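Per my numbering, residue 4 is the first one in the sequence shown, and the count goes up by one each step.
Positions of the beta carbon are idealized from the N, C-alpha and C atoms, including for glycine.
Model, not experiment: these values are computed from the prediction.
This report refers to the structure that appears directly beneath it.
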Amino acid sequence: MPLGTLDRTAPPLFNQGPSALSKLIFFSALALFLMVADARFNIVQPLRAGIGAVLYPIQWLALKPVQLAMGGGRYLEDLQTAQSREAEARKALALQSERASQADTLAQENARLRSLLELRQTTQTPGRAAEVLYDAADPYTRKLVIDQGLTNGIAAGSPVIDEHGVVGQVTQVQPFSSEITLVIDRDLSIPVQNVRTGARSVAFGDASAHGGGLELRFMAASADLQEGDLLTTSGVDGVYPPGLPVAKIDRIERRADSAFARIHCVPLAHVTAARYVLVLAPTGVQAPKPLPSAPADAATGKKKGDKSAAKPDKKEGRAR
């Protein structure tokens, strides 16, 4: 067969269609037309909206892990910030509790005590905020352990209060912690004063109340006491500043066969649920001690008088 008679065209299986240059020119013109038409007539907006609606679930799922990670980080950061601010607020509230607790009684006491007894003006007692770590392990006592100790200037015997009233007293001090005996402990006693009548007494931890209250002992059955009377620290012991709320009288039992009444009280402080407390410095007001040198001075003066009286006798004997 002659070579000129051979078919040199590509078979249908390998037919490639338009050339690459033709495709480039066509699609470039189409893209330019669509851009101009979209800018002028917004004809592609429905198509764009449809594609966006179809791809939105995929976009939402793709962004969800990122949002969860960022949200979790912000939550933890906000939680830490909130906890730190709450701790600072509680400490600030405990620092102001002494002044707030004395506000109710100062108005009633100032006019009477300062005018009649000419007492000196009450000074503010310094204190240190502390956090309760845990309850003491002894089941027969009511004690707490705080995170302040000797290195923080805490001394044994210091009174402890919260924003509601007296919590207890520091009874044992370690270098970095201290033990507080609560007011409801049966071995702790606090000198108190009835705000309504001004009568002073001593409040003891009430063992019969399952460690949850206080009692006033050795009070006459005819004493002027009423349920709901507020008891505050009297300050006569030189430990507790005067005017700190301690308890309220909850129940009074008067029996005909006894000369004394049983007075049950409820503590005002959150003794079993306190988280932050304020440790005050003891007031240190003690009664002046009698001077022991007075009898010795009298004896010395007597001896000097005897010697001076004996000297003229000797001179008189010589003259004779």
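Item	Value
Report buried or exposed for T235, applying the criterion of at least 16 other Cβ atoms within 10 angstroms of its Cβ.	buried
At 4 residues or longer, what runs of the alpha helix (DSSP H) sit wholly inside the region 191-253?	none
List, from N- to C-terminal side, the beta strand (DSSP E) runs of 3 residues or more that fit wholly inside the region 129-183.	130-138, 146-149, 162-164 and 169-176
Can you pull the DSSP bridge partners for I255?	I266
Is it true that the CB of G208 sits closer than 8 Å to the CB of V176?	no
Can you look up S22 in the DSSP assignment and give me helix, strand or coil?	coil
What would DSSP say about Q289, mapped onto helix, strand or coil?	Caution is warranted here: a pLDDT of 45 is assigned to Q289, below 50, making its placement in the model unreliable, and the coordinate value is therefore given only provisionally. DSSP places Q289 in coil when its eight states are reduced to three.
Check this for me: beta carbons of D165 and V239, under 8 Å apart or not?	no
When you compare only the Cα positions, how much space is there between V169 and V195?	11 Å
Considering only residues of the same chain and omitting the five flanking positions on each side of T286, which have a CB-CB separation below 6 Å?	G241 and P244
On the criterion of 16 or more Cβ atoms from any shown chain inside 10 Å, does G53 qualify as buried, or is it exposed?	exposed
List the DSSP bridge partners of L185.	G171
In chain order, what residues of the same chain lie with their CB nearer than 6 Å to the CB of D41, ignoring the 5 residues before and after it?	V47
For V269 versus G216, is the C-beta spacing smaller than 8 Å?	yes
Could you tell me whether the Cβ atoms of R265 and E218 are closer together than 8 Å?	yes
Identify the continuous alpha helix (DSSP H) that holds V47 and give its terminal residues.	V47 -> no alpha helix (DSSP H), and no H or E assigned at all.
Check this for me: beta carbons of A140 and K94, under 8 Å apart or not?	no
Excluding the 5 residues preceding and the 5 following R278 in the sequence, name in chain order all residues of the same chain whose CB lies nearer than 8 Å to its CB.	R93, E134 and V135
So the beta strand (DSSP E) V280 belongs to, where does it begin and stop?	Y279 to L283
In three-state DSSP terms, what is T84?	helix
Taking all protein chains shown into account, decide if Q328 is buried (16 or more other Cβ within 10 angstroms of its Cβ) or exposed.	Examination of residue 328 is not possible in this model, given that the chain is present from 4 through 323 alone.
Whole angstroms are fine: how far does the CA of Y78 sit from the CA of F30?	50 Å
Roughly how many angstroms lie between the CA atoms of I157 and T184, to the nearest whole one?	14 Å
Could you say which of V205, T174 and H167 lies nearest to A276 if we only look at CA atoms?	H167
If you measure between the beta carbons of I149 and S192, is that distance less than 8 Å?	no
Taking all protein chains shown into account, do 16 or more other C-beta atoms lie within 10 angstroms of the C-beta of S163, making it buried, or fewer, making it exposed?	Checking the displayed sequence, the identity of residue 163 turns out to be Val instead of Ser. Its Cβ being crowded by 16 or more others within 10 Å, V163 is buried.
Does DSSP put Q70 in a helix, in a strand, or in coil?	helix
If you reduce the DSSP assignment to three classes, tell me which class V274 lands in.	coil
So, is G55 buried or exposed, given that buried needs 16 or more other C-beta atoms within 10 angstroms?	exposed
Measure from the alpha carbon of T174 to the alpha carbon of each residue in A159, D81 and Y59, then state which is nearest.	A159
Using beta-carbon positions only, say whether A223 and F179 come within less than 8 Å of one another.	no
If distances are taken between C-alpha atoms only, which option among L37, L66 and D188 comes closest to Y143?	D188
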